[in-house]
């Protein structure tokens with residue numbers, strides 16, 4: 137479990153955070169505020185559903201921080 141959390145999960149969370157930060161920055165520049173909010177909410181719902189079905193239960197807590 138330590139290898140998973142330290143070697144994989146920590147890097148995955150860092151990369152995932154950087155990806156969504158870039159995506160948000162790009163969408164803010166390209167879309168109206170309303171369009172950005174709609175896309176963000178849609179992504180949040182889809183990601184939440186995907187998290188529950190694909191991510192180990194002990195990792196889910198780290199995605200919601």
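In this note's numbering, the protein residues as written are 137 to 201.
We put the CB at the ideal spot given by N, CA and C, even for glycine.
Predicted model, so just to flag it, every value in this text is computed and none were measured.
Check whether the Cβ atoms of residue i and residue j lie closer than 9 Å to each other.
i           : j           : result
residue 172 : residue 164 : yes
residue 160 : residue 176 : yes
Any idea what DSSP makes of residue i, helix, strand or coil?
i           : result
residue 168 : coil
residue 137 : coil
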